[in-house]
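Heads up: the structure comes next, in structure tokens.
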Amino acid sequence: MTRIAFIGLGNMGGGMAANQAKAGHEVAAFDLSAQALEKAAGAGCKPAASVAEAVKDADAVITMLPAGPHVRQVYAEQVFPNAPKSALLIDCSTIDVESACAVAAQAKAQGFRFADAPVSGGTAAAEAGTLAFMVGCDEADFPAVESAIAPMSRITIRAGDHGAGQAAKICNNMVLGISMIGVCEAFALAEKLGLEGERFFEIASKSSGQCWSLTSYCPWPGPVPTAPSNRGYEGGFATAMMLKDLKLAQDAAAKAGASTPLGAAAEGLYALFDRLGGGGKDFSAILELLRGKAPQAS
Ligand code: NAD
Numbered sequence: 083m084t085r086i087a088f089i090g091l092g093n094m095g096g097g098m099a100a101n102q103a104k105a106g107h108e109v110a111a112f113d114l115s116a117q118a119l120e121k122a123a124g125a126g127c128k129p130a131a132s133v134a135e136a137v138k139d140a141d142a143v144i145t146m147l148p149a150g151p152h153v154r155q156v157y158a159e160q161v162f163p164n165a166p167k168s169a170l171l172i173d174c175s176t177i178d179v180e181s182a183c184a185v186a187a188q189a190k191a192q193g194f195r196f197a198d199a200p201v202s203g204g205t206a207a208a209e210a211g212t213l214a215f216m217v218g219c220d221e222a223d224f225p226a227v228e229s230a231i232a233p234m235s236r237i238t239i240r241a242g243d244h245g246a247g248q249a250a251k252i253c254n255n256m257v258l259g260i261s262m263i264g265v266c267e268a269f270a271l272a273e274k275l276g277l278e279g280e281r282f283f284e285i286a287s288k289s290s291g292q293c294w295s296l297t298s299y300c301p302w303p304g305p306v307p308t309a310p311s312n313r314g315y316e317g318g319f320a321t322a323m324m325l326k327d328l329k330l331a332q333d334a335a336a337k338a339g340a341s342t343p344l345g346a347a348a349e350g351l352y353a354l355f356d357r358l359g360g361g362g363k364d365f366s367a368i369l370e371l372l373r374g375k376a377p378q379a380s
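Reading the sequence shown from the start, the letters are residues 83 to 380 in this note's numbering.
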């Protein structure tokens, strides 16, 4: 049995911590939200009064926090001063590459092993323990990271050294944001041309237009029953989250001197959809904007 400290028990972290407890580990859990802590206690975790208390005897510390500033603060002020040096530190939040590298460097300087390990897959995968992890860490530390992640994961791939996990996550989600807009534009054009959505899906899904946004997450209601388009674009992966990831990609591209014009256009469109009130809808609801409609109220 491993002693795990789990910090950040929100939409994603709640299910992930529960899977660690289900796997028989002792999970000391902490979140600023009393409600999230209570839920974790109901799922077999042991609520802690602070990050310091949660990490003090940990073999592994796992964090699932909103953004870079939260991760920097929690590690600098609470994890590093209180966790044993032997603890393996794994941050699963989606954050900027710079913050991931800065926290990794501080961890290393203090004698800790650290990995950035962001995830692909939403809350359903977090609950089912079927997330895909992309890991940035020292090569020698990867087997320990993979084993600590196993109860939450369907697949774990080492992307490279520190920061590479976040780089992979940002690039992957830029592909996803762009491809979803492409699929939505095609459905909007098909409609104007008098082509039935279902018919267009049948053809494109078997032609060179085939991609994940079309065949697994179709924005046009009907062809893919599990897609959020069939439930008013509720649940799924929120537009505001996609916008956050596209902003991270644009910041990274500016710093690295990469040309990502379609990524920039995707960020602009998602920012507009967010401003019009679509931030809480699944990101495939951008179809509404491209059909000339304002987002419908939830
Ligand atoms: P969330 O807002 O539901 O959860 C974050 C939790 O962190 C909250 O419960 C909050 O109270 C807690 N928190 C914030 N500061 C804290 C602190 N100092 N100490 C302890 N707890 C603190 O967010 P989420 O949807 O669970 O996402 C978490 C991360 O996972 C984000 O980086 C997000 O981009 C990423 N992600 C989310 C999804 C998704 O579908 N929701 C998918 C992949 C990746």
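For glycine and all other residues, C-beta sits at the position ideal for the given N, C-alpha and C.
Check                                                                                                             : Outcome
Supposed close pair LEU170, ALA214 - CB separation, criterion 8 Å                                                 : That belief does not hold up - the Cβ atoms of LEU170 and ALA214 are roughly 20 Å apart, past 8 Å.
Residue span of the alpha helix (DSSP H) that contains GLY345, given as start and end                             : 343-355
Cutoff 6 Å; reference LEU358; Cβ partners in own chain excluding five residues on either side                     : ALA376, PRO377
Cβ contact (3+ pairs, closer than 8 Å) linking the segment 332-339 and the segment 172-187                        : yes
Spatial neighbours of PRO233 in its chain, beta-carbon cut-off 8 Å, leaving aside the 5 residues before and after : ASN101, GLN102, LYS104, ALA105, HIS107, GLY211
heavy atom of the ligand NAD below 6 Å from MET94 C-beta                                                          : yes
Limits of the unbroken alpha helix (DSSP H) element including ASP139                                              : Unbroken run through ASP139: none, as it is neither H nor E.
Same chain only: Cβ atoms within 8 Å of ALA140, ignoring 5 sequence neighbours per side                           : ARG85, ILE86, ALA87, ALA110, ALA165, PRO166, ALA169
Inter-residue spacing [alpha-carbon to alpha-carbon] between LYS326 and SER298                                    : 22 Å
For ASN93 and THR321, the rounded distance between their alpha carbons                                            : 15 Å
Beta carbon of GLY193 nearer than 7 Å to that of GLY218                                                           : no
Alpha-carbon spacing of GLN188 relative to LEU354, whole angstroms                                                : 38 Å
DSSP state of PHE194 mapped onto helix, strand, coil                                                              : coil
Distance, ALA347 Cα to LYS329 Cα                                                                                  : 11 Å
THR308 in three-state terms, based on DSSP                                                                        : coil
Of the residues ALA186, CYS293, LEU147, ARG373, the one placed nearest VAL257, counting alpha carbons only        : CYS293
Collapsed DSSP secondary structure at ARG154 in the structure displayed                                           : helix
Host beta strand (DSSP E) of ARG236 (start-end)                                                                   : 235-242
Cβ-heavy atom distance, PHE381 to the ligand NAD, below 6 Å                                                       : Beyond the ends of the chain as shown, which are 83 and 380, falls residue 381; an answer cannot be given.
Bounding residues of the beta strand (DSSP E) (the contiguous stretch that carries PHE269)                        : Premise fails: PHE269 lies in the alpha helix (DSSP H), 246-274, not in any beta strand (DSSP E).
Any non-hydrogen atom of the ligand NAD closer than 6 Å to GLY247 Cβ                                              : no
Beta carbon of GLY24 nearer than 7 Å to that of LEU147                                                            : With the chain represented from 83 up to 380, any question about residue 24 goes unanswered, as that position is not in the structure.
Any non-hydrogen atom of the ligand NAD closer than 6 Å to MET146 Cβ                                              : yes
Counted within 10 angstroms of its Cβ, other Cβ atoms place GLY247 as buried (16 or more) or exposed              : buried
Backbone secondary structure at SER202 - three-state DSSP                                                         : strand
CB contact flag (LEU372, CYS253, <7 Å)                                                                            : no
Residue from LYS128, VAL201, ILE263 with nearest C-alpha to ILE237                                                : VAL201
Anticipated Cβ contact below 8 Å, ALA142 with ILE172, distance rounded                                            : 7 Å
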